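All remarks here apply to the structure that follows.
2 protein chains.
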Amino acid sequence: MSSVRNAEIIAIGSELLTPLRSDTNSLHITRRLNEVGIEVRRKTVVGDALDDLTDAVAGAMARADLVITMGGLGPTEDDRTREAVGRATGRSFVRSEEWVDSMKDRFARAGRSLGENNLRQADILEGAELLTNPKGTAPGQWLPGRCSILMLPGPPRELKPLFDGEGMARIAPLAAGTGRVLTRILRITGMTESHADSLVGPIYRDLVNPSVTILSSPGSIELHLRAVGEGVRTAEELIAGVEAQFREKLGERVYGTDDESLETVVARMLLAAKQTIATAESCTGGLLAGRLTEIPGSSNYFLRGFVCYTNESKVDELGVPAELIAAHGAVSADVAGSMGAGARRIAAADLGVSITGIAGPTGGSAEKPVGLVYISVADRAGVVTTENRFPGERGVVRFQATQRALDMIRMRLMEGSG
Amino acid sequence: MSSVRNAEIIAIGSELLTPLRSDTNSLHITRRLNEVGIEVRRKTVVGDALDDLTDAVAGAMARADLVITMGGLGPTEDDRTREAVGRATGRSFVRSEEWVDSMKDRFARAGRSLGENNLRQADILEGAELLTNPKGTAPGQWLPGRCSILMLPGPPRELKPLFDGEGMARIAPLAAGTGRVLTRILRITGMTESHADSLVGPIYRDLVNPSVTILSSPGSIELHLRAVGEGVRTAEELIAGVEAQFREKLGERVYGTDDESLETVVARMLLAAKQTIATAESCTGGLLAGRLTEIPGSSNYFLRGFVCYTNESKVDELGVPAELIAAHGAVSADVAGSMGAGARRIAAADLGVSITGIAGPTGGSAEKPVGLVYISVADRAGVVTTENRFPGERGVVRFQATQRALDMIRMRLMEGSG
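Protein chains in written order, with the numbering used here: chain A, 3 to 420; chain B, 3 to 420.
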């Protein structure tokens, strides 16, 4: 039984090879393994065919220190993981009478009798340890060795407690321990990927530890830092050093870390500043209000929202002068400003935020193309309006508009109350 | 170049081996391959290390008729897919001057000059065909053979058009075509999974072709049918027979098929019936309006939306009598009805839809627990209100509320205009 530095994860089940389902269990397992310094080197998804399965297990065993299988431990003919691991390791099985009894009890309580098929679930690999599964009839199995093997049932509600408890209790002591792996995400908005990369690229380009990946999608950039503790420097220290350099370059463009959403950050700032807010939306159709109210306790800062698709509603609900719309069009800086100020005034809020634009795919013109969006933030000092041109399809334009609006609120709150 | 029956997909990138990201591109590719009768036998995720990558490609080539790689074609040192496939196939590279020129043009238009690194992106495997990528600087590559290889860039917005167009144009003619695989999803809302299963379970329990899987999440049930054409019966016929039986049992609970969302279906019905709509939302905070305006052309039916978090705003904006709120509370059937009727009247819409409830986690009481939500649809004939108790966390309660509201609109429109 050697120390474990790396692992492979095998997800088993033909349904995972359809267009309809993907493996997500492995993300949870990866997080836990990384925490004790074990790196996941490969993930494989295979179906229920015994040869494919055996080949996948044998291949992984030849490469990794630890192989974790997920699924294929059920009672049916399609559940071949036990058999595949038996073949790959050249081991036979011992039926656990204890587990047979435990299944009998479970079935009796449900008023059913144990089927012949279920007995296979008590077949434990020679030399392996049975790991009790409190949530189902498929126990886990743990076979320590040059390459250790952990077999887990597939359903997340069975897999997670079994892995976190019995599984990690056996894996953690074997972890090479040379380095806890830590990941950190810095979340950025309001700049392009190439701009961000030009600022931070020189810092991370040749870095190995932490390794840095830049991921971008419209309205959002993520810098992923991944450090492995080495020698006297912990993963935390390695991350902190680079994070500080990134923050110095990116400044206020970093709005949050890890799983933090922009609305979470804005909500926290609104609460801290004891500011209330109202929204007036045209092309985003309520999505900005939806994001602002995503946060528990949002009734402490969110007062009202207006979704004003028609010109008439902008006049009626927000008090936008009809002449303003006639002169500049509903998609204009002037109307955006008037909408924001109107929402603020009518809701008696500290801040009024408005969005008006052309989300597409139709409605654009040469002068006002699809993607043109005006966003205003009104407060007692006045109105700030931005003109934006967002690329992409309707949904992408709408998301970017809410993202920019939230970021403008954030900037406004960072300045302090005017 | 032999006929293609099965494929393996390799997703490349160290970020896909972290707890933070998973491969989703392969679902799209699987769907397209299945449509021409090609089965995906294995999916692999590997990092950027050249040896791992080469080993994964060589292993897949030994097993499959077709190998599709995704990612690792960028300009940086981390992008090793070209090199790995070169090693696995024993081939060298030819630089495509044509692609170099195309990159130069692209960079010039963006006001930048081409870096030395980018030149590597024009390195095409000996004997392979360059597949033009209109969305980026990484072209695809197609190498037909005993095991054909398709290399695709990783970003979904580049991968999908390239695969659907140039990629499938080369793969489809090679497909063995013995059994076209077809998947069909029936989408259901407004009933529990166990109720749905009690209705359709007896039909599908022992079916093998099509195989049927039932997937459920709060507010939504999906029946997944997957058929493989056999003998004289096409996959379409196999699906159609079972789908008809399902529809007979489930009736109007089936709102759509495949990728259709509930808002798409409702939008289509609103347009067909030439009906306009206005919304009044409390706990869902604009999400219902957001979903109704997700659809291009929504300005033809959506007039205005009100997000009325405070009691005051319900009175001011929607004309809800203050006494009604005082007597029944803001979360009550009476207030919901008054909100819906108010939105309809003020917007001069055919339909007014309202939602008021307790999304949680706080704000619940013994009498009015978290998850209690009243939803009303008002039309000229009057108001229909439902009382709902949705399980789950804040976001889940909010989603279910919008789902139920859309379904109530759908039911209303199925009845015809009153």
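Note that the Cβ used here is the ideal one computed from N, Cα and C, for glycine as well. Being a predicted model, the structure only gives us computed values, none of them experimental.
Contacts around S300(B), its chain only, beta-carbon distance under 8 Å, and the 5 residues preceding and following it disregarded: Here the question's residue 300(B) lines up with position 298 in the second sequence. Excluding sequence neighbours, S300(B) sits near A269 and L294.
Considering only C-alpha positions, which residue in the set T91(B), I70(B), F304(B) and M193(B) is nearest to R255(B)? As a working note, residue 255(B) is residue 253 in the second sequence. Considering only T91(B), I70(B), F304(B) and M193(B), the residue with the shortest C-alpha distance to R255(B) is M193(B).
Return no unless some Cβ of chain B is closer than 7 Å to the Cβ of L264(A). As a first step, residue 264(A) must be located in the first sequence, where it is residue number 262. With 7 Å as the cut-off, L264(A) does not count as an interface residue toward chain B.
Run through DSSP, which three-state label would A51(A) get? Locating residue 51(A) in the first sequence gives position 49, counting from the first residue. Here A51(A) sits in coil by DSSP.
Rounded C-beta distance between L154(B) and L164(B)? I'm assuming under 8 Å. Walking along the second sequence from the start, residue 154(B) turns up at place 152. Walking along the second sequence from the start, residue 164(B) turns up at place 162. Yes, they are in contact, since the Cβ atoms of L154(B) and L164(B) sit about 6 Å apart, within 8 Å.
Going by DSSP, which residues form a beta bridge with A383(B)? By 1-based counting over the second sequence, the position of residue 383(B) is 381. Answer by DSSP bridge pairing: none, since A383(B) is not bridged.
Could you name the residues of chain A that L68(B) contacts, counting a contact when the two beta carbons are closer than 8 Å? Working through the second sequence from its first residue, we reach residue 68(B) at position 66. Neighbours of L68(B) on chain A: none; closest Cβ ~14 Å, over 8 Å.
Could you list which residues in chain B have their beta carbon closer than 9 Å to that of S24(A), in chain order? Against the first sequence, residue 24(A) aligns to sequence position 22. For S24(A), the C-beta contacts it makes with chain B under 9 Å involve S24, D25, T26, S28, L29 and K45, in order along the chain.
For L19(B) versus V42(A), is the C-beta spacing smaller than 7 Å? Numbered from 1 along the second sequence, position 17 holds the residue referred to as residue 19(B). Numbered from 1 along the first sequence, position 40 holds the residue referred to as residue 42(A). Yes, they are a contact pair.
Straight-line gap, F308(B) to G365(B) (C-alpha atoms, nearest Å): The count along the second sequence starts at 1 and reaches residue 308(B) at position 306. The count along the second sequence starts at 1 and reaches residue 365(B) at position 363. Taking the Cα positions, F308(B) is about 21 Å away from G365(B).
Given S28(A), which residues of its chain have a CB within under 8 Å of its CB, disregarding the five upstream and five downstream residues? Numbered from its first residue, the first sequence carries residue 28(A) at position 26. Excluding sequence neighbours, S28(A) sits near I11, A13, V42, K45 and M72.
Should the stretch 347-355 of chain A be called in touch with the stretch 380-393 of chain B, which here means at least 3 C-beta pairs below 8 Å? Between the stretch 347-355 of chain A and the stretch 380-393 of chain B, the count of C-beta pairs closer than 8 Å stays below three; the two stretches do not touch.
Listing by chain order, which chain C residues have their CB less than 9 Å from the CB of G167(B)? Considering every chain present, this structure includes no chain C. Its protein chains are A and B.
Under 7 Å Cβ-Cβ, which residues of chain A neighbour L305(B)? As a working mapping, residue 305(B) is identified with position 303 in the second sequence. Under the 7 Å cutoff, chain A gives Y311, T312 and S315.
Helix, strand or coil for S301(A) per DSSP? Counting from one through the first sequence, the residue named residue 301(A) turns up at place 299. DSSP, read as helix, strand or coil, puts S301(A) in helix.
In chain order, what residues of the same chain lie with their CB nearer than 6 Å to the CB of V1(A), ignoring the 5 residues before and after it? Residue 1(A) is absent from the structure shown; chain A starts at 3 and stops at 420.
Residues in its own chain within less than 6 Å of G258(B) by CB, not counting five upstream and five downstream? Counting from one through the second sequence, the residue named residue 258(B) turns up at place 256. Excluding positions up to five away in sequence, the list reads R189 and V267.
Three-state secondary structure (DSSP) of S219(B): Stepping through the second sequence from its first residue, residue 219(B) is reached at position 217. Looking at S219(B) - three-state DSSP - the assignment turns out to be strand.
Who are the neighbours of H226(A) on chain B, taking C-beta pairs under 9 Å? Counting from one through the first sequence, the residue named residue 226(A) turns up at place 224. Per Cβ cutoff of 9 Å: E17, T20, L22 and R23.
Hey, R400(A) and T278(A): beta-carbon distance below 7 Å or not? On the first sequence, residue 400(A) is found 398 positions in, with the first residue counted as 1. On the first sequence, residue 278(A) is found 276 positions in, with the first residue counted as 1. The answer is no: Cβ separation not under 7 Å.
Can you pull the chain B neighbours of F392(A), defined as C-beta to C-beta under 8 Å? Within the first sequence, the letter at position 390 stands for residue 392(A). Ordered by position in chain B, no residue passes the 8 Å Cβ test against F392(A), which lies about 14 Å from the chain.
Could you list the residues in the stretch 142-170 of chain A with a C-beta less than 9 Å from some C-beta on chain B, going in chain order? Answer in chain order: no residues at all.
I'd like the span of the beta strand (DSSP E) that includes N421(A), first residue to last. Nothing can be reported for residue 421(A): it is not among the residues displayed for chain A, which extend from 3 to 420.
List, in chain order, every chain A residue whose beta-carbon is nearer than 8 Å to that of T32(B). On the second sequence, residue 32(B) is found 30 positions in, with the first residue counted as 1. In chain order: L19, T20 and P21.
Using beta carbons (cut-off 7 Å, strictly below), is V48(B) in contact with chain A? For the purposes of this step, residue 48(B) is taken as the residue at position 46 of the second sequence. Taking 7 Å as the threshold, the shortest C-beta distance from V48(B) to chain A falls below it.
Taking the beta strand (DSSP E) that G258(B) falls in, what are its first and last residues? Residue mapping note: residue 258(B) aligns to position 256 of the second sequence, counting from 1. Where G258(B) is concerned, the enclosing beta strand (DSSP E) stretches over V256 to T259.
According to DSSP, is R412(B) part of a helix, a strand, or is it coil? On the second sequence, position 410 is the one that residue 412(B) refers to. R412(B): helix per DSSP, three-state reduction.
Secondary structure of D318(B), DSSP reduced to three states: Numbered from its first residue, the second sequence carries residue 318(B) at position 316. Correct three-state label for D318(B): helix.
Which runs of the beta strand (DSSP E) fall wholly inside the stretch 239-280 of chain B and span at least 3 residues, in chain order? Runs found: 256-259.
Should the stretch 113-126 of chain B be regarded as contacting the stretch 66-85 of chain B, the criterion being three or more beta carbon pairs within less than 8 Å? Yes, the stretch 113-126 of chain B touches the stretch 66-85 of chain B.
What first and last residue would you give for the beta strand (DSSP E) that runs through I126(A)? To locate residue 126(A), count along the first sequence from 1; it is residue 124. Note, I126(A): beta strand (DSSP E), D125 to L127.
List, from N- to C-terminal side, the alpha helix (DSSP H) runs of 4 residues or more that fit wholly inside the stretch 159-237 of chain B. For the stretch 159-237 of chain B, the full-length alpha helix (DSSP H) segments reaching 4 residues or more read 170-173 and 195-206 along the chain.
Whose C-beta lies closer than 7 Å to the C-beta of E239(B) among residues of the same chain, with five residues either side of it excluded? What you label residue 239(B) is simply residue 237 of the second sequence in a count that begins at 1. Shown here for E239(B): not one same chain residue has a beta carbon closer than 7 Å to its own, the five before and five after excluded.
Suppose you measure from the CA of R84(A) to the CA of K162(A); what does that come to, to the nearest Å? Position 82 of the first sequence holds residue 84(A). Position 160 of the first sequence holds residue 162(A). Near 19 Å, if we compare the C-alpha coordinates of K162(A) and R84(A).
Tell me, please, whether the CB atom of G258(A) is closer than 7 Å to any CB atom in chain B? Sequence index remark: in the first sequence, residue 258(A) carries index 256 (1-based). Between G258(A) and chain B, the shortest Cβ-Cβ separation is not below 7 Å.
Contact list for the stretch 239-259 of chain B against chain A, Cβ threshold 9 Å: Listed in sequence order: no entries.
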